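Contents: one structure, followed by commentary.
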Amino acid sequence: MIISEKLERLREMKPLVHNITNVVVTNFTANGLLALGASPVMAYAKEEVEEMASISGAVVLNIGTLNKEVIESMILAGKAANQKGVPVLLDPVGAGATRFRTDMANKILEEVQIDVIRGNAAEIANLLGIDWQIKGVDAGDGKVDAAEIALQAAQKWNCAAVVTGKNDAASDGKDTYLIQNGHPMMTQVTGTGCLLTSVIGAYCAVDSNHLEAAVAALTSYGIAAELAAEKTGEVGPGSFQIQFLNELANLTSEEIAQKAIFTKQQ
Amino acid sequence: MIISEKLERLREMKPLVHNITNVVVTNFTANGLLALGASPVMAYAKEEVEEMASISGAVVLNIGTLNKEVIESMILAGKAANQKGVPVLLDPVGAGATRFRTDMANKILEEVQIDVIRGNAAEIANLLGIDWQIKGVDAGDGKVDAAEIALQAAQKWNCAAVVTGKNDAASDGKDTYLIQNGHPMMTQVTGTGCLLTSVIGAYCAVDSNHLEAAVAALTSYGIAAELAAEKTGEVGPGSFQIQFLNELANLTSEEIAQKAIFTKQQ
Amino acid sequence: MIISEKLERLREMKPLVHNITNVVVTNFTANGLLALGASPVMAYAKEEVEEMASISGAVVLNIGTLNKEVIESMILAGKAANQKGVPVLLDPVGAGATRFRTDMANKILEEVQIDVIRGNAAEIANLLGIDWQIKGVDAGDGKVDAAEIALQAAQKWNCAAVVTGKNDAASDGKDTYLIQNGHPMMTQVTGTGCLLTSVIGAYCAVDSNHLEAAVAALTSYGIAAELAAEKTGEVGPGSFQIQFLNELANLTSEEIAQKAIFTKQQ
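Protein chains in written order, with this note's numbering: chain A, 1 to 266; chain V, 267 to 532; chain R, 533 to 798.
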């Protein structure tokens, strides 16, 4: 898998990524996608989401501040994307924290064919019915490892599954990759997980192999975080957040080729 | 037109700018208006928008993440502002990208007397019925130039019209100005167009000549972007965004007098 | 009152703070809470707010961009928190600016037992029925001082009350403290008041004495602002905002012990 070329492709094609996401991360998501080289759009109204999804390169559904109306819009957008062959991503923020979040994430998974699901271990484990404590929207500790959860999720929903945390894993139900890029400072900035899902969406828009797209996204995103932390980690999370956007914009294929660390699980 | 004095007037009067805007740019819009010297308020509920609009110096309607309810609120706010003589601005984000956006922007234009419309060439052209491709909320390429579109828009809706992109133009249907301040880095930060519309609103709140207010806003805004890009353009879009807010706050009448570039079209 | 230890306790316990807040400040609030060491969650849907409030360390209700539906959710969340003994905070943004805001803030105060109310002098005075001019969401000038308003508010609603502005005061209806930390640059960044309310919530989550929690929050927050202004005050509000997040993360007990300025009113 030559992942360093995928970013160049993304920047050339500048795919439109349609986000139906939460109110906490909209600005950061838009700026992160712009920095990387994609073209973000946010559109939520049920009167327009099908049309917007149909012309997009990827559709990202994020339930972080869900309500019934936006879930309806997500299902409309997801179905329209399914019909057009546009990849659909799901970020089930806080699944397991409240019954409503678990139920709505499951409803989306039933009504829409999801191409990539991305969450922390607690969120994905809860949707798989594995017992796992979750505190608000933060993953707690659990017993099953990220790779195993990703594999099970990919098989259950017939999609690529990405589980992030201390260790990141991506699986398509057959092959599973472990990715070791990233930095703990990411946990001090809200929305780094949400933006990651949208970045995977941008890669999926230019790569029909969604597992490879996910690995490319995870490594490049993680490398940008490492570079940002090198320069600003000691200064604090405010500066890190800004430098992270800078690094997403400045990231080169050469840096990716040099710094990416991922292994296929045997 | 002596535009350098207008910023001083704005800072003295600190006008209240009532924004009904999209969820992507609310924070950036509020911080940008505060930095420049205006007083932002966001209020969306139909139970209060008329009252808030009535006490404001300008009302800015931005359809970036529209839904039916917020369009209702926009029309209520717009009509209340019309009655009180408070200038109303429209930013038809993504008009042309979906039928719903085009329809709702047209509905606002029918029901409210808009004082200034501001959009990219694609958005305004689409509302004028000129065939123009739009990709999400980004302007694509078209055949008619910005000044021509601004002129037509100003005449059609009997308002000032501002068309921004590689070239910026502002017209009141009689006189048309071309403005050359600004910097390409602005396209790498989400909401720079949206904030500009609100900044034009702040200038309109202290200047009954809306064309002059628009030219003053476009030049000062563009100069702040140039100054920010000088200092941070190489660093990346994260740093640029922050420095841009700094420059809006630090901008002086002298800098505006020295650096403003605008010409009246013959 | 030994306030310097309270921040350590907060960082150890990392309390979950459930915010139902306005769209302008969601990102800044989440990042500010994360920086300080708390765990933010935003959840608004009436189907889940009771469950989320029940597992939280504090619930923060902020009416900055209110609508009828979100007020319903706030009341549900507040009542659930009351039942579980979870502290509830109210930030009545813009109370007095429109009748709707005043009415809805009063409705919350009637239906929910609020543990801490935090606002500027105009907002709290208006809710108390004291005549006070308000311009949008900014406090104007009034005749009664902050300490007097805080005392009256605490007595009326049987809670701790925090009034912020040029001078900050906190009262539980018996004791009243004046706090002198802080910096004028805070008024140039949107949401510094809103984030403060959430930070008081984080302190209340680890301290059953809400007046002490408020004083600890006000001093530590103010000191972080002073440190940020020392380093970036001249640069501008963009840089200040970022440095403020850095300082919230880096603030130590020693700095608080050295720099905190508060006096009990005689």
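Beta carbons are placed, not taken as given, at the ideal position from N, Cα and C, and that holds for glycine.
Owing to the predicted nature of the structure, the values given are computational and were not obtained by experimental measurement.
Short CB-CB distance (under 7 Å) between residue i and chain R
i: residue 292 of chain V; result: yes
i: residue 71 of chain A; result: no
i: residue 314 of chain V; result: yes
i: residue 242 of chain A; result: yes
i: residue 31 of chain A; result: no
i: residue 451 of chain V; result: no
i: residue 190 of chain A; result: yes
i: residue 311 of chain V; result: yes
i: residue 19 of chain A; result: no
i: residue 332 of chain V; result: no
i: residue 100 of chain A; result: yes
i: residue 416 of chain V; result: no
Minimum Cβ-Cβ distance from residue i to chain A less than 7 Å
i: residue 618 of chain R; result: no
i: residue 781 of chain R; result: yes
i: residue 537 of chain V; result: Outside the displayed range of chain V (267 to 532) lies residue 537 of chain V, so it cannot be described from this structure.
i: residue 289 of chain V; result: yes
i: residue 430 of chain V; result: no
Cβ-based burial, residue i [other Cβ within 10 Å; buried from 16]
i: residue 87 of chain A; result: buried
i: residue 704 of chain R; result: buried
i: residue 188 of chain A; result: buried
i: residue 57 of chain A; result: buried
i: residue 515 of chain V; result: buried
i: residue 263 of chain A; result: exposed
i: residue 168 of chain A; result: buried
i: residue 546 of chain R; result: buried
i: residue 661 of chain R; result: exposed
i: residue 78 of chain A; result: buried
i: residue 628 of chain R; result: buried
i: residue 5 of chain A; result: exposed
i: residue 238 of chain A; result: buried
i: residue 534 of chain R; result: exposed
i: residue 389 of chain V; result: buried
i: residue 527 of chain V; result: exposed
is_contact[residue i, chain V] using C-beta, thresh 7 Å
i: residue 769 of chain R; result: yes
i: residue 658 of chain R; result: no
i: residue 52 of chain A; result: yes
i: residue 246 of chain A; result: yes
i: residue 34 of chain A; result: yes
Sub-7 Å separation of residue i and residue j beta-carbons
i: residue 93 of chain A; j: residue 64 of chain A; result: yes
i: residue 252 of chain A; j: residue 243 of chain A; result: no
i: residue 448 of chain V; j: residue 488 of chain V; result: yes
i: residue 288 of chain A; j: residue 19 of chain A; result: The requested residue 288 of chain A is not part of the displayed model; chain A covers only 1 to 266.
i: residue 570 of chain R; j: residue 557 of chain R; result: no
i: residue 788 of chain R; j: residue 750 of chain R; result: no
i: residue 28 of chain A; j: residue 579 of chain R; result: no
i: residue 430 of chain V; j: residue 355 of chain V; result: no
i: residue 315 of chain V; j: residue 342 of chain V; result: yes
i: residue 267 of chain A; j: residue 612 of chain R; result: In the structure as shown, chain A begins at 1 and stops at 266. Residue 267 of chain A is therefore absent and cannot be evaluated.
i: residue 317 of chain V; j: residue 630 of chain R; result: yes
i: residue 742 of chain R; j: residue 647 of chain R; result: yes
i: residue 513 of chain V; j: residue 494 of chain V; result: yes
i: residue 391 of chain V; j: residue 415 of chain V; result: yes
i: residue 553 of chain R; j: residue 594 of chain R; result: yes
i: residue 442 of chain V; j: residue 531 of chain V; result: yes
i: residue 555 of chain R; j: residue 23 of chain A; result: yes
Within-7 Å CB hit, residue i to chain B
i: residue 42 of chain A; result: The chain labelled as chain B is not found among the protein chains of the depicted structure, namely A, V and R.
Inter-stretch contact (C-beta, 8 Å, three-pair minimum) for the region 719-730 of chain R and the region 639-654 of chain R: yes
Run through the region 3-88 of chain A for me and flag every whole beta strand (DSSP E) of 3 or more residues, listed as ranges in chain order. 16-20, 39-42, 58-62
At 4 residues or longer, and completely inside the region 165-228 of chain A: list those alpha helix (DSSP H) runs for me, N to C. Counting only runs of 4 or more residues that sit fully inside the region 165-228 of chain A, the alpha helix (DSSP H) segments are 192-205, in chain order.
Inspect the CB distances between the region 194-210 of chain A and the region 154-170 of chain A and report whether three or more fall short of 8 Å. Remark: three or more beta-carbon pairs, one from each stretch, lie closer than 8 Å, so the region 194-210 of chain A and the region 154-170 of chain A are flagged as touching.
Quick check: the region 269-276 of chain V against the region 555-570 of chain R, are there 3 or more CB pairs under 8 Å? Not touching, per the Cβ criterion.
At what residue ranges does the region 360-391 of chain V contain a whole run of the alpha helix (DSSP H), taking only runs of 4 or more? 365-377
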